[in-house]
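Below is one structure, written out as structure tokens; the observations come after it.
This is the structure in structure tokens:
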């Protein structure tokens, strides 16, 4: 039975991930640390394990196997390094960090201490997205010449995110940027997995004025240039409705796949003979790819289990490079 510490509760994704972890029946929650008393009380009302306002105190407890890191992007850099240095495997919520330097510190700490470091990108657990990536990598689309992803909603406050979550999302130092960091990150890691490192990153980030209290950008787009391809990643905190949100399109010389979002989304494959696209069946998937916790446990129990490319820390670091280049280009 793995003993897993939770470092940080102010990333709202923590609650669903802990529920999934408990449901595996293969891990014991060793407790949680956060400086926010309200969040600690919420944890105690739902999960086992003692709580503390000291991250170091939690990390010093006996018998820990791993850590779930759900702090701000900036704080997660330091928490992950500390956990790795104590020999703990780490699951870190996306994006990997607030800065490229932070991501590189995290990756170096994991390697130096021989522990698994997994970055949890929630869209990884959509079977149709994984299958679309496999199709592209197997050459079923010919030469991939464009990858496109859009992440969009009306904004963290409007979505109902907690005040503690919104507080750091709206802080450039703690988040890394605004909507650009929060939502362009998905398309950045997807582009790195499918196309590798771009030779140029450019783009735009704007404040629409629809959120007067927000000093950061609420919309952004990054464009990545490759020798014979391009990729775009779009972010919006002002979109009304769900149309086009979280959709993925991969364009190749012999085919196109459009991947609908969510666990029940479809994948459509267009070719010269089927220009309007036909629905593609997704093959049966391994149990450990059902969610982040099952995949993380499989990875730490068997060193031979490869972490899915989207969640691999090296790809996470490369996505951070793309984001940092994008921030520089749009300054």
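Residue numbers (the working numbering): -17 to 313. Every residue, glycine too, gets a C-beta built ideally from N, C-alpha and C.
field: Proximity to residue 261 [Cα-Cα], best of 253, 215, 173
entry: 253
message: Taking a contact to mean a Cβ-Cβ separation below 8 angstroms, would you say residue 237 touches residue 122 in this structure?
response: yes
query: Which class does residue 137 belong to by DSSP, given the choice of helix, strand or coil?
result: coil
- request: May I have the straight-line CA-CA distance separating residue 37 from residue -12, to the nearest angstrom?
  value: 9 angstroms
- request: Just tell me which of 200, 283, 206, 185 has its CA closest to the CA of residue 178.
  value: 206
query: Alpha carbon to alpha carbon, what distance is there between residue 98 and residue 275?
result: 13 angstroms
- request: Give every residue of the same chain whose Cβ lies closer than 6 angstroms to the Cβ of residue 270, excluding the five residues on either side of it in the sequence, and list them in chain order.
  value: 276, 277, 280
query: What does a CB cutoff of less than 8 angstroms around residue 191 pick up in its chain, not counting 5 residues either side in sequence?
result: none
Distance, residue 144 Cα to residue 2 Cα: 20 angstroms
field: Pairwise C-alpha distance: residue -5 and residue 6
entry: 17 angstroms
message: Suppose contacts are defined by Cβ-Cβ distances below 8 angstroms. Is residue 221 in contact with residue 136 by that definition?
response: yes
task: Provide the residue span of the alpha helix (DSSP H) that contains residue 59, from first to last.
output: 55 to 67
message: I'd like to check one pair, residue 77 with residue 292: are the Cβ atoms closer than 8 angstroms?
response: no
message: Taking only three categories from DSSP, how would you classify residue 17?
response: coil
query: For residue 250, which residues does DSSP report across the bridge?
result: 240, 261
message: So, at 6 angstroms on beta carbons, what are the nonlocal neighbours of residue 216 in its own chain, with the 5 sequence-adjacent residues on each side left out?
response: 132, 203
For residue 102, the three-state DSSP class (helix, strand or coil): strand
message: For residue 294, list the residues DSSP reports as bridge partners.
response: 100
message: Let me check understanding here. Comparing Cα to Cα, which of 13, 309, -15, 29 lies closest to residue 170?
response: 309
- prompt: Cβ of residue 118 within 8 angstroms of Cβ of residue 289?
  reply: no
task: May I ask you to verify whether the region 62 to 81 touches the region 9 to 26, counting CB pairs closer than 8 angstroms and requiring at least 3?
output: no
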